[in-house]
Amino acid sequence: MLPTARRDSSFLDACRRRPVPHTPVWFMRQAGRSLPEYREARGGIPILEACTIPDLIVEITMQPVRRYAVDAAIFFSDIVVPLKAVGVDLDIKPGVGPVIADPIRDAAAVDRLRPLEPGDVPYAAEAVRSLTGELGDIPLIGFAGAPFTLASYLIEGGPSKNHERTKAMMYGEPELWARLLDRLSDIAIAYLKVQVEAGARAIQVFDSWVGGVSPADYRASVLPHSKKIFTAMEEYDVPRIHFGVGTGELLGLMGEAGADVVGVDWRVPLDDAVHRVEAGKALQGNLDPAILLAPWEVVEARAREILAQGRTAEGHVFNLGHGVLPNTDPGVLARLADLVHAESTR
Ligand code: CP3
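Those letters in the sequence shown? Residues 5 to 350, per the numbering used here, in order.
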């Protein structure tokens, strides 16, 4: 096999703002969710257990790659897997999301959150190693949850609309907040290192729920912790993607945190996002996942528009503005991946 840097990948090249033969595409949440073969492979196995079974991780990660002409695969895991691995009592409830038995609300609870050791997640390294063989030239994206989003689950005890307790700690107990986020960045770093050292060729940090934080508070209370992750991953020379939802006002800061690629949701057109990030960043996004439920003519027109807007960026990775919705027709995703390639061939 060729050394990593020599193997062709339009995805890695676009992330690095190099010329590409066509715009690369992958879909957030492409593994799982809408695929019937995913439901069949999972059977009755709870999601968090599935994330610890190497053969199953490999199979589910490969499923979308077999169906769609995607230019990258995303590791099948979840942002809460490393938390469970360090002993946090949590579960993912179907249709709800992560639920924490004893939410973290005081110093004693923060101090109980221990660092992640590679030995806590042997299945992750094993699955990534098998995947890099199976995927050939298609890069595997490793991922982790960003400290704010992980903290919001841990503090609220589950999914939340307004992240009230989370923000109350951020505003009212800044030292405790910083200690918690620092521990969560270390956990994310350790989980990302396991994936990259086993062969993942890019990473994405999901800060899904940070969109409700103002730019000034993001800079003061969130950015230093996310930045710690991007800085720690710099030595591996893998593209680093930073994504959040409702983060239009934060795109510049999310780039500043150290990302090579800034993920954009569907609210901000890419040709506008270009002006919100500093020079030297690629963009990823940003078709509204709900558009995939509309007739094909609509999908096609909107995808072309995004490709045109993406051409104003130094590098563009086509993606959805958030994850694939569970009731999306896989046939539409297959057609969309082909359309992106056909329309963007240089
Ligand atoms: O293709 C992929 O992206 C698969 C790998 C993946 C999963 N979760 C598997 C999963 C990834 C990248 C994630 C990230 C994740 N998990 C995020 C960040 C991305 C985002 O969408 O914003 C967040 C916030 C979570 C937490 C989480 N886990 C939620 C909100 C849910 C949905 C709960 C539900 O049932 O609606 C999960 C469960 C989950 N994680 C599923 C999958 C495929 C669906 C549940 C299932 O299949 O049983």
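Where a beta carbon is used, it is the ideal one built from N, C-alpha and C, also for glycine.
Residue i and residue j closer than 8 Å at C-beta
{"i": "L254", "j": "A277", "result": "no"}
{"i": "H345", "j": "A73", "result": "yes"}
{"i": "S81", "j": "C55", "result": "yes"}
{"i": "G379", "j": "R20", "result": "Given that the chain is displayed from residue 5 to residue 350, the structure contains no residue 379 and the question cannot be resolved."}
{"i": "A206", "j": "I159", "result": "no"}
{"i": "T153", "j": "V85", "result": "no"}
{"i": "L329", "j": "A294", "result": "yes"}
{"i": "I411", "j": "I57", "result": "Because residue 411 is not part of the residues shown, which for the chain are 5 to 350, the question remains open."}
{"i": "P102", "j": "G47", "result": "no"}
{"i": "S189", "j": "I233", "result": "yes"}
{"i": "V92", "j": "I83", "result": "no"}
{"i": "T65", "j": "L16", "result": "no"}
{"i": "R71", "j": "P334", "result": "yes"}
{"i": "A129", "j": "A202", "result": "yes"}
{"i": "Y127", "j": "I78", "result": "no"}
{"i": "V132", "j": "A204", "result": "yes"}
{"i": "S212", "j": "V249", "result": "yes"}
{"i": "R350", "j": "P68", "result": "no"}
{"i": "A263", "j": "L227", "result": "no"}
{"i": "L196", "j": "G140", "result": "no"}
{"i": "L4", "j": "A307", "result": "Here the chain comprises residues numbered 5 to 350, so residue 4 is not present and cannot be evaluated."}
Under the three-state DSSP convention, the category residue i falls into
{"i": "D95", "result": "strand"}
{"i": "P102", "result": "strand"}
{"i": "H246", "result": "strand"}
{"i": "I355", "result": "Limits of the chain in this structure are 5 at one end and 350 at the other, which puts residue 355 out of reach."}
{"i": "I78", "result": "strand"}
{"i": "C55", "result": "coil"}
{"i": "K197", "result": "helix"}
{"i": "K165", "result": "coil"}
{"i": "W213", "result": "coil"}
{"i": "R10", "result": "Annotation note: pLDDT 41 at R10 (below 50); position unreliable, no value reported."}
{"i": "D333", "result": "coil"}
{"i": "V132", "result": "helix"}
{"i": "L343", "result": "helix"}
{"i": "V303", "result": "helix"}
{"i": "V114", "result": "helix"}
{"i": "E121", "result": "coil"}
{"i": "L154", "result": "helix"}
{"i": "V272", "result": "coil"}
{"i": "D141", "result": "coil"}
{"i": "Y222", "result": "helix"}
{"i": "Q34", "result": "coil"}
{"i": "G89", "result": "Looking at the sequence provided, one finds Ala at residue 89 rather than Gly. Reduced to three states, the DSSP call for A89 is helix."}
{"i": "Y240", "result": "helix"}
Residue i versus residue j - alpha carbon distance
{"i": "E41", "j": "D12", "result": "29 Å"}
{"i": "L324", "j": "H229", "result": "26 Å"}
{"i": "H167", "j": "R280", "result": "25 Å"}
{"i": "P122", "j": "Q199", "result": "10 Å"}
{"i": "Q313", "j": "D342", "result": "18 Å"}
{"i": "A76", "j": "T332", "result": "19 Å"}
{"i": "P23", "j": "W30", "result": "18 Å"}
{"i": "P28", "j": "L117", "result": "38 Å"}
{"i": "R187", "j": "K231", "result": "13 Å"}
{"i": "R109", "j": "S218", "result": "22 Å"}
{"i": "T170", "j": "A182", "result": "12 Å"}
{"i": "P98", "j": "I49", "result": "12 Å"}
{"i": "S164", "j": "R43", "result": "26 Å"}
{"i": "I53", "j": "L94", "result": "In the sequence under discussion, the amino acid at residue 53 is Glu, which differs from the Ile named in the question. Rounded to whole angstroms, E53 to L94 spans 12 Å at the Cα level."}
{"i": "E177", "j": "L184", "result": "11 Å"}
Beta bridge counterpart(s) of residue i as assigned by DSSP
{"i": "F322", "result": "V29, G289"}
{"i": "F147", "result": "Q208"}
{"i": "T266", "result": "In the sequence as presented, Thr is not what sits at residue 266; that position holds Val. Answer by DSSP bridge pairing, in chain order: H246, L287."}
Residues of its chain near residue i, where Cβ-Cβ distance is below 6 Å and the 5 sequence neighbours each way are ignored
{"i": "A194", "result": "L120"}
{"i": "W270", "result": "N290, D292, G325"}
{"i": "L236", "result": "Looking at the sequence itself, residue 236 is Ala, so the reference to Leu does not match. Taken in chain order, the residues that qualify are I193."}
{"i": "S225", "result": "M174"}
{"i": "A220", "result": "none"}
Same chain, Cβ closer than 7 Å to residue i, neighbours up to 5 away in sequence not counted
{"i": "A317", "result": "L274, V278, A286, L287"}
{"i": "D124", "result": "A89, V90"}
{"i": "L180", "result": "A111, V114, M173"}
{"i": "P107", "result": "L158, I159, E160, G161"}
{"i": "R223", "result": "L257"}
Close-in-space but distant-in-sequence residues of the same chain around residue i (CB under 8 Å, 5 per side omitted)
{"i": "V336", "result": "L296, W300, V303"}
{"i": "A192", "result": "P86, A148, G149, A150, P151, L154, V209, I233"}
{"i": "I259", "result": "Residue 259 is actually Gly in this sequence, not Ile. H246, V266, V281, E282, K285, listed in sequence order."}
{"i": "S38", "result": "V328, L329, P330, N331, T332, D333, P334, L337"}
Closer than 8 Å to chain D by CB, residue i
{"i": "G161", "result": "Included in the structure is just one protein chain, with no chain D present."}
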